[in-house]
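First the structure, in the form of structure tokens, and then the observations on it.
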Amino acid sequence: MYGAIGERYRELGYERGKLGYPTSDEFCGLKDGGCAQRFQGGLLYWSPATGAQPVWGAILDAYGQVSWENSTLGYPTGEEFCGLKDGGCAQRFQGGMIYWSPGTGSWPVWGRILDYYAANRWESGRFGYPTSGESCTNGPGSRTCTQNFQWGPIIWDSVTGTRG
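In terms of the working numbering, the sequence shown opens at residue 274 and continues consecutively.
Next comes the structure, spelled out in structure tokens:
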């Protein structure tokens, strides 16, 4: 193991850390010149814009559900952080965040819905944690996206804006 991924693996405690032992060689040719390596407990991603960042656990599962770095999320920009309300965790990505809590599981949040969520104090505010992914529909002259949260949905409409 070498380079930025090898250095980050060292910083995370090698095989004694959350990632465990490597299960693949580093593979490159990903979006925007990125690389990754698989481990027993997750993945280490590297891109020129974000450096080497780990993704693991339920957040990794949700990341895979939206097509990894090829999604709106892009690459991780830092590692998972925990200690949130009700024992939750989150991780930042280039284009959004993934939230996890024991009661709701893992869900990505991005775009205008993420902006509205942030303005309303994230998981500690009036919406709580996300309970679904974003669902969008096209209507005559507009696009509407809805995402469900513990205490109600956030809706973005291309004509009327975002509301909760």
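All C-beta atoms in this analysis are idealised placements derived from N, C-alpha and C, irrespective of residue type, glycine included.
Could you give the residue range of the alpha helix (DSSP H) that holds Asp430?
-> Premise fails: Asp430 lies in the beta strand (DSSP E), 425-430, not in any alpha helix (DSSP H).
Quick one: is Ser297 buried, meaning 16 or more other Cβ sit within 10 Å of its Cβ, or exposed?
-> exposed
Between the C-alpha atoms of Thr410 and Thr417, what's the straight-line distance to the nearest angstrom?
-> 5 Å
Any idea which residues DSSP pairs Asn421 with across the strands?
-> Pro426
Would you say the segment 384-397 touches the segment 319-337, given that touching needs at least three Cβ pairs under 8 Å?
-> no
DSSP three-state assignment for Tyr294, whether helix, strand or coil = coil
Look up Gln338 in the DSSP assignment and say whether it is helix, strand or coil.
-> helix
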